[in-house]
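The block underneath contains the structure these notes are about, expressed in structure tokens.
Protein chains: 2
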Amino acid sequence: MQAIAISNTDATLWAPLELTLYGPTEGNPYREVMLSAIFSNGDVSLDVPGFYDGNGSYRIRFLPTLEGRWTYRTQSNVGQMHDLSGEFDVGAARAADRGPVRVADQFHFRYADGSRYLNIGTTAYAWSVQGDAMEEKTLATLKDAPFTKIRMCVFPKHYRYNQNEPDRYPFVMVKQGTSTWPATVEDAGWEFDFDRPNPAYFQHLEMRIRQLGEIGVEADLILLHPYDRWGFSRMSPEQDDRYLRYIVSRLAGLPNVWWSMANEYDFMENKSLDDWNRMIDVVADTDPFDHLLSIHNAFPLFDWHHPKITHVSIQRPETEHSLLWRERYGKPVSVDECCYEGDIAEQWGNISGRDMVHKFWLGVVNGGHVTHGETYYNDEEVLWWAKGGELTGDSVPRIAFLRKVMEGASDAALEPMLDNRNHRIMKFGADNVTGPEMSKPATGEEHWSKVRFPYPIASDPHQYYVAYLGHRQPREVVVPTPPDEHYSAAVVDTWEMTETPVADKVTRGDLLFIEPKPSLALVLRRLPS
Amino acid sequence: MQAIAISNTDATLWAPLELTLYGPTEGNPYREVMLSAIFSNGDVSLDVPGFYDGNGSYRIRFLPTLEGRWTYRTQSNVGQMHDLSGEFDVGAARAADRGPVRVADQFHFRYADGSRYLNIGTTAYAWSVQGDAMEEKTLATLKDAPFTKIRMCVFPKHYRYNQNEPDRYPFVMVKQGTSTWPATVEDAGWEFDFDRPNPAYFQHLEMRIRQLGEIGVEADLILLHPYDRWGFSRMSPEQDDRYLRYIVSRLAGLPNVWWSMANEYDFMENKSLDDWNRMIDVVADTDPFDHLLSIHNAFPLFDWHHPKITHVSIQRPETEHSLLWRERYGKPVSVDECCYEGDIAEQWGNISGRDMVHKFWLGVVNGGHVTHGETYYNDEEVLWWAKGGELTGDSVPRIAFLRKVMEGASDAALEPMLDNRNHRIMKFGADNVTGPEMSKPATGEEHWSKVRFPYPIASDPHQYYVAYLGHRQPREVVVPTPPDEHYSAAVVDTWEMTETPVADKVTRGDLLFIEPKPSLALVLRRLPS
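The listed protein sequences correspond, in order, to chains U and B. Under the numbering used here, residue 548 is the last one in the first sequence; the count climbs by one each step, no gaps. Under the numbering used here, residue 548 is the last one in the second sequence; the count climbs by one each step, no gaps.
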């Protein structure tokens with residue numbers, strides 16, 4: 020058996036490459052064996068951690084971040100795996116490989132290769148532990164859906180509508196417990212050896228994440244969560260840290276992984292803010308490839324200013340506040356739970372498809388990113404939000420339509436127009452109107468009818484403007500584009516998914532008369548001058 | 020000519036009665052003549068002010084508040100009108116006469132005779148100065164509408180969509196101005212003698228108020244407002260006070276009058292809070308019959324704690340906050356502008372009919388009272404909210420339907436159930452659930468699925484419960500009635516205006532399964548035990 024094997028002889032940029040080493044099986048490799056490798060290319064040097072994958076196999080996963088000649092040299096406290104070295108050439112990226120998603124333009128995202136990434140999430144927390152038939156159905160659904168991200172848990176989930184046992188467990192089982200409903204985690208009676216991960220569990224997870232990558236979906240991987248009857252939420256700090264180093268070492272080589280430290284961190288009663296800050300360090304410091312990293316709240320907001328947190332992953336119904344949260348944290352805002360379309364009793368899971376679509380539009384025109392979820396009850400208790408399967412709600416095609424509108428801009432991310440915001444709407448008297456955003460009068464004398472454009476707008480400035488009128492149904496709106504530029508104007512019905520031209524050529528201050536009804540948006544496209 | 024004439028020889032309770040006196044026409048009777056009368060019946064004694072109605076006629080309007088023998092004696096600084104006396108008998112009220120509306124049960128209203136009054140308002144600020152044809156059309160519309168109150172101005176209105184001149188003016192014109200749009204009130208060039216009211220103007224107003232009374236509509240009379248090109252908003256403090264004493268003296272004898280000190284008081288830049296507090300005193304102290312009195316804001320809230328203010332007349336879109344405002348001020352809350360159904364450019368005038376209906380339901384189940392308005396544009400610029408005319412929106416029949424649901428209780432006003440409010444909804448774990456409002460489990464183990472009833476409910480306790488599910492579309496809701504009582508349950512579609520029975524006999528904690536869709540309410544009626 021050779022001491023080291025390399026997976027790809029034709030390595031390419033942003034395609035994972037794996038070193039396999041053979042080492043000891045005795046003792047507890049998880050606790051006792053240290054392994055990593057330094058990968059170097061010119062001035063770039065990355066310290067890539069390895070992990071034990073069972074049966075004496077140790078792996079180091081590398082994600083090439085540059086083309087050209089890379090060299091590597093291993094480090095280990097096991098002699099046979101120490102100081103092994105080699106080199107390989109990395110060629111140009113294949114078309115599908117765009118690298119990890121990074122923060123771009125402060126409030127948005129792009130793939131590492133600079134290409135456009137629109138963060139349009141969905142949620143299926145436990146989809147990867149539902150057995151192959153359901154999991155393949157989920158992948159098929161995602162392939163046809165508009166989503167570019169899925170929020171999913173590493174660990175299985177215990178919750179209402181989530182009482183099935185997974186096919187396998189992440190740690191070696193010591194004692195089988197019950198899947199009926201326990202009053203406490205302890206009552207369930209499960210015991211696991213948290214010092215012995217089950218490689219098969221993580222290999223399966225990994226396969227599903229790779230399959231997501233193949234269909235262009237990022238895995239927003241929830242590392243810890245409170246919905247638990249097995250005890251995975253109550254490991255010791257040392258066990259948490261070891262687990263985190265392990266999962267990051269295993270998965271950081273996959274380009275489409277994001278780290279979500281927790282779902283509803285504040286419901287994990289046995290962890291303090293100090294614990295979270297410590298664990299954020301563990302994840303960020305273990306990851307050589309700087310994947311996106313955040314943490315998701317239930318009630319109290321986390322302080323997303325934390326320098327190792329890349330973006331805000333907030334739970335709040337008010338997606339329109341994205342603008343405020345962006346300003347507060349100076350980072351992209353992903354509203355990763357804003358209630359789910361569905362019909363269950365729980366308030367977070369029974370908004371209408373209309374409301375979900377409304378929340379998406381509000382988030383987007385306010386400079387945020389919104390995540391979908393669906394919780395329609397069925398007798399099988401296969402609710403998309405937890406188990407995946409099929410999507411039956413009304414919002415998904417409308418979210419796909421919104422995605423098209425967002426893509427209508429050039430490659431640029433749509434940015435909210437701040438100078439049209441937070442204005443007191445003119446109620447009475449010309450004296451209350453200031454600033455340049457005025458309309459021509461529709462009726463009456465000019466100075467009286469000047470009204471600002473009071474709707475949120477996102478734009479690719481000077482090119483493409485999207486205004487969302489929401490629940491309002493004005494018969495007239497004023498063109499809010501910059502002066503001395505000409506635009507075509509169309510009304511978009513965000514629910515009916517139609518676009519209707521309303522003017523071939525308009526300029527700032529022109530009035531557009533539209534058929535009054537709710538859920539409209541206005542799209543303005545720059546005309547050649 | 021006799022010195023004094025009495026209008027009703029067959030006086031009845033709550034029917035206005037008028038003394039007419041003849042006095043001087045020379046000088047300025049408005050400023051110079053004092054006239055009032057003390058009306059007494061047993062221990063009750065009321066000091067009723069008189070007013071000059073032109074052509075040498077002085078009137079004192081009395082509203083009998085008790086049956087039986089009343090005596091009166093006049094007081095005046097004019098000898099021929101001083102110390103005149105008489106008596107009359109007041110019989111039982113005629114069926115239609117229920118007296119002024121009063122505050123009842125702290126947060127609600129009743130007629131003075133104790134009968135039910137539901138405050139369901141609409142708004143047509145300037146309807147009484149639109150000429151007879153339009154005004155009669157407005158009355159015909161109101162006759163068939165669900166509204167029991169109309170907000171209306173004493174003075175004509177100057178605003179967008181309000182540029183027509185009235186047929187007559189409240190004061191004697193000195194100089195005609197322009198009806199085109201002035202930059203300032205002064206620019207319009209109008210001049211009036213604010214010391215000489217025009218009796219014909221007020222006689223007309225009075226007739227319209229009486230006609231409202233005949234169709235069961237209260238006149239929430241706005242005494243001052245800022246929408247002005249004639250100068251009526253900029254009289255001196257002395258002129259304001261004189262005008263207020265005059266209008267109250269004229270109209271307090273009509274049972275269906277409420278005093279609204281101002282619309283959007285904060286837009287009247289030449290009046291201070293001290294002015295408003297002084298003028299509140301003038302109105303309250305002049306009125307012998309204690310009509311309802313409030314003041315309406317635009318942006319900053321007024322301090323409705325003021326002891327002479329009977330109820331909160333607030334402008335805010337969030338009708339669901341009625342519960343909080345009730346608690347803050349300890350008085351009934353009438354949300355007298357929460358945006359209008361319509362399609363005009365102005366944000367306060369372009370919500371959908373659905374939104375208007377939603378705001379009504381939210382207000383009512385949260386213990387408030389809501390006022391409607393409609394601002395659909397038409398080429399004639401006859402918008403209901405200002406000029407009256409016809410109602411064309413979608414909300415009015417649904418408001419009528421809501422009124423029926425409110426009337427479904429016994430005579431009692433529906434009160435919000437506070438113990439079901441302001442709870443954090445169970446997100447995770449049985450430990451978060453406290454208190455008695457739990458459901459039986461739909462699925463899973465019992466301790467897990469306990470969920471509070473998270474919708475606002477108003478009730479006639481132990482008899483009739485109305486819960487509004489709003490934008491939520493749960494498939495299951497728990498019966499929130501008190502223990503050991505049985506109810507029938509029906510689902511109400513607040514938009515389709517249907518009621519569908521869902522259970523013949525349920526008790527607290529039972530689950531009701533309903534067809535999930537938005538805009539539903541739940542009605543529970545007590546069964547005989």
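Every residue gets a Cβ at the ideal spot worked out from N, C-alpha and C, and that includes glycine.
*For histidine 490 of chain B, return the contacting residues in chain U, with the cut-off set at a CB-CB distance below 7 Å.*
Taking the first residue of the second sequence as position 1, residue 490 of chain B is located at position 471. Neighbourhood of histidine 490 of chain B in chain U, by CB distance below 7 Å: Ile370, Ser371 and Asp374, in chain order.
*As assigned by DSSP and simplified to three states, the class of tyrosine 396 of chain B*: Taking the second sequence and counting its residues from 1, one reaches residue 396 of chain B at position 377. Reduced to three states, the DSSP call for tyrosine 396 of chain B is coil.
*asked:* List, in chain order, every chain U residue whose beta-carbon is nearer than 9 Å to that of arginine 494 of chain B.
replied: For this step, residue 494 of chain B is matched to residue 475 along the second sequence. What arginine 494 of chain B touches in chain U: Gly361, Asp362, Ile363, Ala364, Asn369, Tyr395 and Tyr396.
*How about proline 594 of chain U: is its C-beta nearer than 8 Å to some C-beta of chain B?*
Examination of residue 594 of chain U is not possible in this model, given that chain U is present from 20 through 548 alone.
*Could you name the residues of chain B that proline 473 of chain U contacts, counting a contact when the two beta carbons are closer than 7 Å?*
Here residue 473 of chain U corresponds to residue number 454 of the first sequence, with the count starting at 1. For proline 473 of chain U, the residues of chain B that pass the 7 Å Cβ criterion are Gln366, in the order they occur in the chain.
*Rounded distance between the beta-carbons of proline 319 of chain B and alanine 271 of chain B, thought under 8 Å*: Taking the second sequence and counting its residues from 1, the one referred to as residue 271 of chain B is at position 252. Taking the second sequence and counting its residues from 1, the one referred to as residue 319 of chain B is at position 300. With 8 Å as the limit, alanine 271 of chain B and proline 319 of chain B do not qualify as a contact, their Cβ atoms being about 29 Å apart.
*asked:* Please tell me whether tryptophan 467 of chain U has its Cβ less than 8 Å away from any Cβ of chain B.
replied: Mapped onto the first sequence, residue 467 of chain U falls at position 448. Its pLDDT being 33, under 50, tryptophan 467 of chain U is placed unreliably in this model, and the coordinates cannot settle the point.
*Determine the extent of the beta strand (DSSP E) in which phenylalanine 190 of chain U is found, giving its start and end residues.*
Within the first sequence, numbered from 1, the residue matching residue 190 of chain U stands at position 171. Unbroken beta strand (DSSP E) run through phenylalanine 190 of chain U: 190 to 194.
*asked:* I'd like the span of the beta strand (DSSP E) that includes alanine 56 of chain U, first residue to last.
replied: Counting from 1 along the first sequence, the entry for residue 56 of chain U is found at position 37. 54 to 60 is the span of the beta strand (DSSP E), which, as asked, contains alanine 56 of chain U.
*Report yes or no: do three or more beta-carbon pairs, one from the segment 262 to 276 of chain U and one from the segment 332 to 340 of chain U, lie closer than 8 Å?*
Short answer: they don't touch.
*What are the boundary residues of the alpha helix (DSSP H) that includes serine 198 of chain U?*
For this step, residue 198 of chain U is matched to residue 179 along the first sequence. Bounds of any alpha helix (DSSP H) do not take in serine 198 of chain U, whose DSSP letter is neither H nor E.
*asked:* Measuring straight from C-alpha to C-alpha, what distance separates tyrosine 41 of chain U and aspartate 72 of chain U?
replied: Along the first sequence, one-based indexing puts residue 41 of chain U at 22. Along the first sequence, one-based indexing puts residue 72 of chain U at 53. Straight-line spacing of the CA atoms in tyrosine 41 of chain U and aspartate 72 of chain U works out to 10 Å.
*When the distance is taken between beta carbons, is alanine 112 of chain B closer than 8 Å to threonine 31 of chain B?*
Counted from its first residue, the second sequence places residue 31 of chain B at position 12. Counted from its first residue, the second sequence places residue 112 of chain B at position 93. Cβ atoms of threonine 31 of chain B and alanine 112 of chain B: closer than 8 Å.
*Can you give, in chain order, each stretch of the beta strand (DSSP E) that sits fully within the segment 472 to 516 of chain B and has at least 3 residues?*
Whole beta strand (DSSP E) segments, 3+ residues: 476 to 479, 483 to 489, 495 to 497 and 506 to 512.
*Euclidean distance between Cα positions of leucine 103 of chain U and threonine 39 of chain U*: Position 84 of the first sequence, counting from 1, holds the residue named residue 103 of chain U. Position 20 of the first sequence, counting from 1, holds the residue named residue 39 of chain U. Rounded to the nearest angstrom, the gap between the Cα atoms of leucine 103 of chain U and threonine 39 of chain U is 11 Å.
*Cβ-based burial, aspartate 322 of chain U [other Cβ within 10 Å; buried from 16]*: Within the first sequence, residue 322 of chain U is the residue found at index 303, counting from 1. Exposed, by the Cβ-count rule.
*Please list the partners that proline 537 of chain U has in chain B, where partner means a Cβ-to-Cβ separation under 9 Å.*
For the purposes of this step, residue 537 of chain U is taken as residue 518 along the first sequence, with counting starting at 1. Under the 9 Å cutoff, chain B gives Ile370, Ser371, Arg373 and Asp374.
_What ranges does the alpha helix (DSSP H) occupy inside the segment 246 to 297 of chain B, keeping only unbroken runs of at least 4 residues that lie completely in it?_
Those alpha helix (DSSP H) runs which fall completely within the segment 246 to 297 of chain B and span 4+ residues are 256 to 270.
_Three-way DSSP call (helix, strand, coil) for aspartate 413 of chain U in this model_ = Residue 413 of chain U sits at position 394 when you count from the first residue of the first sequence. In the structure shown, aspartate 413 of chain U sits in coil (DSSP, three-state: anything other than H, G, I, E or B).
*Who are the near neighbours of glycine 150 of chain B in its chain, counting only those whose CB is closer than 8 Å to its CB and skipping five residues on each side?*
Here residue 150 of chain B is taken as the residue at index 131 of the second sequence, counted from 1. Within the same chain, Asp186 come within 8 Å of glycine 150 of chain B by CB-CB distance, once the 5 residues on both sides are set aside.
_With three or more beta-carbon pairs closer than 8 Å as the criterion, would you say the segment 66 to 81 of chain B touches the segment 296 to 313 of chain B?_
In this structure the segment 66 to 81 of chain B touches the segment 296 to 313 of chain B; the number of beta carbon pairs closer than 8 Å is three or more.
_Length-filtered (3 minimum) beta strand (DSSP E) runs lying within the segment 207 to 234 of chain U_ = With a minimum length of 3 residues, the continuous beta strand (DSSP E) runs that stay inside the segment 207 to 234 of chain U are 210 to 216.
*Report the residue ranges of all beta strand (DSSP E) runs contained in full by the segment 40 to 111 of chain B; include only those spanning at least 3 residues, in chain order.*
If we require 3 residues or more, the beta strand (DSSP E) runs fully inside the segment 40 to 111 of chain B come out as 54 to 60, 63 to 71, 76 to 81, 87 to 95 and 104 to 109.
*N-terminal and C-terminal residue of the beta strand (DSSP E) that lysine 378 of chain U is part of*: Along the first sequence, read from residue 1 onward, the residue named residue 378 of chain U stands at position 359. Premise fails: lysine 378 of chain U lies in the alpha helix (DSSP H), 372 to 384, not in any beta strand (DSSP E).
*asked:* Report the start-end ranges of each beta strand (DSSP E) in the segment 317 to 360 of chain U that is 3 residues or longer and not cut off at the edges.
replied: Counting only runs of 3 or more, we get 331 to 334 and 352 to 356.
*Alpha carbon to alpha carbon, what distance is there between tyrosine 180 of chain B and glutamate 400 of chain B?*
For this step, residue 400 of chain B is matched to residue 381 along the second sequence. For this step, residue 180 of chain B is matched to residue 161 along the second sequence. When rounded, the distance between both Cα atoms is 5 Å.
*Ordered along the chain, which non-local residues of its own chain (more than five positions away) have a Cβ less than 7 Å from that of isoleucine 363 of chain U?*
Counted from its first residue, the first sequence places residue 363 of chain U at position 344. Cβ neighbours of isoleucine 363 of chain U beyond the five flanking positions: Asn369, Thr394 and Tyr396.
*Just the C-alpha distance for glycine 105 of chain B and alanine 303 of chain B, rounded to the nearest angstrom, thanks.*
Position 86 of the second sequence, counted from the start, is the residue given in the question as residue 105 of chain B. Position 284 of the second sequence, counted from the start, is the residue given in the question as residue 303 of chain B. Taking the straight line from one Cα to the other gives about 27 Å.
_Can you confirm whether glycine 454 of chain B, when its beta carbon is compared against all beta carbons of chain U, has any partner nearer than 8 Å?_
Reading the second sequence from its first residue, position 435 is the one you call residue 454 of chain B. Any reading at glycine 454 of chain B needs caution, since the residue's pLDDT is 31, under 50, leaving its predicted position unreliable; the model's value is listed next. Taking 8 Å as the threshold, the shortest C-beta distance from glycine 454 of chain B to chain U does not fall below it.
*Reference valine 376 of chain B; option with closest CA among B/Ile418, B/Leu343, B/Tyr359 and B/Cys358*: For the purposes of this step, residue 376 of chain B is taken as residue 357 along the second sequence, with counting starting at 1. Out of B/Ile418, B/Leu343, B/Tyr359 and B/Cys358, the CA that lies nearest to the CA of valine 376 of chain B is found in B/Ile418.
*Please look up how many angstroms separate the CB atoms of asparagine 385 of chain U and proline 435 of chain U, rounded, as I've assumed it's under 8 Å.*
Counted from its first residue, the first sequence places residue 385 of chain U at position 366. Counted from its first residue, the first sequence places residue 435 of chain U at position 416. Yes, they are in contact, since the Cβ atoms of asparagine 385 of chain U and proline 435 of chain U sit about 6 Å apart, within 8 Å.
*Are the beta-carbon atoms belonging to arginine 253 of chain B and asparagine 217 of chain B less than 8 Å from one another?*
Counted from its first residue, the second sequence places residue 253 of chain B at position 234. Counted from its first residue, the second sequence places residue 217 of chain B at position 198. Contact flag unset, no.
*Assess, as a yes-or-no matter, whether the segment 119 to 133 of chain U is touched by the segment 145 to 163 of chain U under the definition of 3 or more beta carbon pairs within less than 8 Å.*
Cβ pair count under 8 Å is below three, so no.
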